[in-house]
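Protein chains in written order, with our numbering: chain A, -13 to 481; chain B, 4 to 104.
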């Protein structure tokens, strides 16, 4: 057992303990919340050791029984993202869910999901990758349907479960094809042995479809706006900020093993990227509910990530991948902030009064007058997502666009211009949010709103600072995104 | 026809039946059953792949692991169906279409 295996094991061990504590202890609600937070804070210790180890000695492989794990910089980036957002979400969910029953189920599933996502980033074997992926899906099903007395939550969960399950069957078929052609499941060994055959190409297509459901590649995205808007707000932040990115990492690992089968994976990713940007933005424009709007905006941000990754694979240069993974981190911060801030307002305006209506854009009118910090957080988040300098989102988009221009390929340059125009288009739905919060007369909902618990504003303020600081000093996260970009190319055998 | 061809035919048949079921049924329990049929097709494919690549043990142990993982998903699906029946009063998926756009 080395440092990075502890990073996976700790949350997974804590998960059933938290559940039992909630069931067996009196006043378990308070206990589980702090126990879950403690487990995640402790997990940062092996994370720090793993990060230093990786920096000093390079990627390390461990095999526990039949579980093959290998920590590279890409896995470390996913671990950092899920731990950072997870810790803040646990802190936030305390007051957010204070009135709900069965909170131990929420915290146990959340811990399990975090541990599993860290493990997914470290999977070195195709079948292990599927197991982690499936476990992540099951944990997220339970979290999406946490409000199981709401018919809309059930509807969202049914769509999510059915689409995810169908997607995971596609991945399994792909694995069967790869196994029958190469006789091995080790990702690096498959890359060496993969014959350039139609069967392997079919396996690649099955991976794109199967993992693509979780990444929300248009047109496999239809579950996402429902699930992300119906989940508790902390979970919306996790789903949008980390879970779809974990799906993307899984897709990249699987395609990386098939790197030799086709030379056009990069082009494929860019095409999906363009589709995602456009569809996400156009759908977000029509939304009146804040959380649905944010969910659709995740689609377009997956598009930017895919564009950067596609550019990197096309040019065989890591600049695009570094920008794209930097955007993955930034999107986690910004979308996490957006969902937590919107969730805080949803709580203050509706949930705290026992009302389960969704938060609409009209409800936000004048929110800044009563909830200045939260309103500022939401504004910073959406402006950052729109790509306004000097916020975090601008820096990573800029890095992706620069990498695109450096390819000196007319098609890719046109695609980058298209992405920049999409960024402008996205301001058409972000700006009205800021306008409503600051420039309108307070709505009835705001005037009658409940005060916000202080603990709920702590994560919002922390993420707001992070979005500004990363925007002003983008080099701060380079130790994560730089090596991760190189590791990604190495996954495709190009590094 | 060789044994492998028959198995391939079986895999395709199961997948076709599962997909067809998913498309035509509106009953939640039947949706779960259709998903199970799909997974059974994938299981057969895994075992056949192990056989074809000369690693029968590997293919079969993968299949057993998949059975465990996929049972968990089926349990979640059925639990959802129970809750939907309790809350909405019907298992018809049509009754669950309030989230749009």
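C-beta atoms are modelled at their ideal positions from N, C-alpha and C, and glycine is treated no differently. As the structure is a prediction and not an experimental result, all values here were calculated from the model.
(message) When you compare the CB of residue 63(B) with every CB in chain A, is at least one pair closer than 8 Å?
(response) As a first step, residue 63(B) is located in the second chain; it is residue number 60 there, counting from the start. For residue 63(B), the answer is no, since every Cβ of chain A falls outside 8 Å of its Cβ.
(request) Could you spell out the range, first to last residue, of the beta strand (DSSP E) harbouring residue 48(A)? (result) For the purposes of this step, residue 48(A) is identified with residue 62 of the first chain, where counting begins at 1. Run containing residue 48(A): 46 to 50, per the beta strand (DSSP E) assignment.
(message) Just to make sure I have the definition right: I need the residues of chain B whose C-beta is within less than 9 Å of the C-beta of residue 137(A). Which are they?
(response) Locating residue 137(A) in the first chain gives position 151, where the first residue counts as 1. What residue 137(A) touches in chain B: 87, 90, 91, 98, 99 and 101.
(message) Just to confirm my understanding: we take residue 125(A), look at its own chain, exclude 5 residues before and 5 after, and list those with CB closer than 7 Å. What are they?
(response) In the first chain, residue 125(A) corresponds to position 139, counting from 1. Excluding sequence neighbours, residue 125(A) sits near 95, 98, 99 and 102.
(request) Output, in sequence order along the chain, the residues in the segment 97 to 118 of chain A whose CB is closer than 7 Å to any CB in chain B. (result) 113 and 117
(request) Measure the Cβ-Cβ separation of residue 193(A) and residue 255(A) and say whether it is below 8 Å. (result) To locate residue 193(A), count along the first chain from 1; it is residue 207. To locate residue 255(A), count along the first chain from 1; it is residue 269. Contact flag unset, no.
(request) Using a Cβ cut-off of 8 Å, pull out every chain B residue sitting near residue 347(A), in sequence order please. (result) As a first step, residue 347(A) is located in the first chain; it is residue number 361 there, counting from the start. Residues of chain B passing the Cβ test: none, with the nearest at roughly 14 Å.
(request) Please state whether DSSP places residue 30(B) in a helix, a strand or coil. (result) Looking up residue 30(B) in the second chain gives position 27. The answer is strand: DSSP assigns residue 30(B) an E or B state.
(message) Helix, strand or coil, according to DSSP, for residue 31(A) in the structure here?
(response) Along the first chain, read from residue 1 onward, the residue named residue 31(A) stands at position 45. If DSSP states are grouped into helix, strand and coil, residue 31(A) belongs with the helices.
(message) Given this structure, state the Cα-to-Cα distance separating residue 54(B) from residue 232(A), to the nearest angstrom.
(response) Taking the first residue of the second chain as 1, we reach residue 54(B) at position 51. Taking the first residue of the first chain as 1, we reach residue 232(A) at position 246. Near 32 Å, if we compare the C-alpha coordinates of residue 232(A) and residue 54(B).
(message) Less than 8 Å between the C-beta atoms of residue 57(B) and residue 169(A), yes or no?
(response) Here residue 57(B) refers to the residue found at position 54 of the second chain. Here residue 169(A) refers to the residue found at position 183 of the first chain. Cβ distance < 8 Å, so residue 57(B) and residue 169(A) count as in contact.
(request) Round the Cβ separation of residue 290(A) and residue 269(A) to the nearest angstrom and send it over; I've been treating them as touching at under 8 Å. (result) Position 304 of the first chain, counting from 1, holds the residue named residue 290(A). Position 283 of the first chain, counting from 1, holds the residue named residue 269(A). Not a contact, Cβ separation roughly 16 Å.
(request) Taking 8 Å as the cut-off, decide whether the C-beta atoms of residue 276(A) and residue 359(A) are in contact. (result) As a working mapping, residue 276(A) is identified with position 290 in the first chain. As a working mapping, residue 359(A) is identified with position 373 in the first chain. Their beta carbons are not under 8 Å apart, which means residue 276(A) does not touch residue 359(A) by this criterion.
(request) Drop a sphere of 10 angstroms on the beta-carbon of residue 9(B), count the other beta-carbons inside from all chains shown, and report buried for 16 or more, exposed for fewer. (result) Taking the first residue of the second chain as 1, we reach residue 9(B) at position 6. Classification for residue 9(B): exposed.
(request) Whole angstroms is fine: what's the gap from residue 45(B)'s alpha carbon to residue 458(A)'s? (result) The residue labelled residue 45(B) in the question sits at position 42 within the second chain. The residue labelled residue 458(A) in the question sits at position 472 within the first chain. Whole-angstrom Cα-Cα distance: 50 Å.
(request) Tell me whether the beta-carbon of residue 295(A) lies closer than 8 Å to the beta-carbon of residue 310(A). (result) As a position in the first chain, residue 295(A) is number 309, starting the count at 1. As a position in the first chain, residue 310(A) is number 324, starting the count at 1. In contact: residue 295(A) and residue 310(A) (Cβ atoms closer than 8 Å).
(message) I'd like to know if residue 127(A) contacts chain B, where contact means its C-beta is closer than 8 Å to some C-beta of that chain.
(response) Locating residue 127(A) in the first chain gives position 141, counting from the first residue. Judged by the 8 Å Cβ criterion, residue 127(A) is in contact with chain B.
(request) Within 10 angstroms of the Cβ of residue 342(A), are there 16 or more other Cβ atoms? Answer buried if so, exposed if not. (result) Within the first chain, residue 342(A) is the residue found at index 356, counting from 1. So residue 342(A) counts as exposed.
(request) Give the secondary structure of residue 56(A) by DSSP, where H, G and I count as helix, E and B as strand, and everything else as coil. (result) Locating residue 56(A) in the first chain gives position 70, where the first residue counts as 1. In this structure, residue 56(A) counts as strand in the three-state DSSP scheme.
(request) In the DSSP assignment, find the unbroken alpha helix (DSSP H) run with residue 265(A) in it and report its ends. (result) Here residue 265(A) refers to the residue found at position 279 when the first chain is read from its first residue. Residue 265(A) -> alpha helix (DSSP H) spans 251 to 271.
(request) Using 10 angstroms around the beta-carbon of residue 19(B), count the other beta-carbons present and answer buried if the total reaches 16, otherwise exposed. (result) As a position in the second chain, residue 19(B) is number 16, starting the count at 1. Result: exposed.
(request) Taking 8 Å as the cut-off, decide whether the C-beta atoms of residue 416(A) and residue 368(A) are in contact. (result) Translated into positions along the first chain, residue 416(A) becomes position 430. Translated into positions along the first chain, residue 368(A) becomes position 382. In contact: residue 416(A) and residue 368(A) (Cβ atoms closer than 8 Å).
(request) Could you check what DSSP says for residue 341(A) in three-state terms: helix, strand or coil? (result) By one-based count along the first chain, residue 341(A) stands at place 355. Coil, per DSSP.
(message) Distance cutoff 8 Å, beta carbons only. Does residue 166(A) sit that close to anything in chain B?
(response) Here residue 166(A) refers to the residue found at position 180 when the first chain is read from its first residue. It does; some Cβ of chain B falls within 8 Å.
(message) Taking only three categories from DSSP, how would you classify residue 436(A)?
(response) Position 450 of the first chain, counted from the first residue, corresponds to residue 436(A). Residue state, collapsed to three classes: coil.
(request) Would you tell me roughly how many angstroms separate the C-alpha atoms of residue -3(A) and residue 25(A), rounded to the nearest one? (result) For the purposes of this step, residue -3(A) is identified with residue 11 of the first chain, where counting begins at 1. For the purposes of this step, residue 25(A) is identified with residue 39 of the first chain, where counting begins at 1. In a straight line, the C-alpha of residue -3(A) is about 6 Å away from that of residue 25(A).
(message) According to DSSP, is residue 88(A) part of a helix, a strand, or is it coil?
(response) The sequence position of residue 88(A) within the first chain is 102, counting from 1. DSSP places residue 88(A) in coil when its eight states are reduced to three.
(request) Less than 8 Å between the CB atoms is what I'm expecting for residue 81(A) and residue 442(A), so what's the real figure, rounded? (result) One-based indexing of the first chain puts residue 81(A) at position 95. One-based indexing of the first chain puts residue 442(A) at position 456. In this structure residue 81(A) is in contact with residue 442(A), their Cβ atoms being roughly 5 Å apart against a cut-off of 8 Å.
(message) Please tell me whether residue 96(B) and residue 137(A) are closer than 8 Å, where the distance is taken between their beta carbons.
(response) For this step, residue 96(B) is matched to residue 93 along the second chain. For this step, residue 137(A) is matched to residue 151 along the first chain. A distance of 8 Å or more separates the beta carbons of residue 96(B) and residue 137(A).
(request) Given a cut-off of 8 Å, decide if residue 123(A) and residue 79(A) are closer than it, judged by their beta-carbon atoms. (result) Residue mapping note: residue 79(A) aligns to position 93 of the first chain, counting from 1. Residue mapping note: residue 123(A) aligns to position 137 of the first chain, counting from 1. Contact flag unset, no.
(message) Can you pull the chain B neighbours of residue 144(A), defined as C-beta to C-beta under 9 Å?
(response) Working through the first chain from its first residue, we reach residue 144(A) at position 158. Near residue 144(A) (Cβ distances below 9 Å), the residues of chain B are 31, 34, 80, 83, 84, 87, 96 and 99.
(request) Let me know the secondary structure DSSP gives residue 202(A) once reduced to three states. (result) Numbered from 1 along the first chain, position 216 holds the residue referred to as residue 202(A). Residue 202(A): coil per DSSP, three-state reduction.
(request) Determine which residues share a DSSP beta bridge with residue 275(A) and list them. (result) Reading the first chain from its first residue, position 289 is the one you call residue 275(A). DSSP lists 346(A) as partners of residue 275(A).
(request) Take every Cβ of the segment -12 to 7 of chain A, pair it with every Cβ of the segment 15 to 35 of chain A, and state whether three or more of those distances are shorter than 8 Å. (result) yes
(request) Give the C-beta separation of residue 448(A) and residue 74(A) to the nearest angstrom, bearing in mind that I take them to be a contact with Cβ-Cβ under 8 Å. (result) As a first step, residue 448(A) must be located in the first chain, where it is residue number 462. As a first step, residue 74(A) must be located in the first chain, where it is residue number 88. 6 Å between Cβ atoms; contact.
(request) Please confirm if the segment 383 to 401 of chain A is in contact with the segment 299 to 309 of chain A, defined as three or more CB-CB distances below 8 Å between the two stretches. (result) yes
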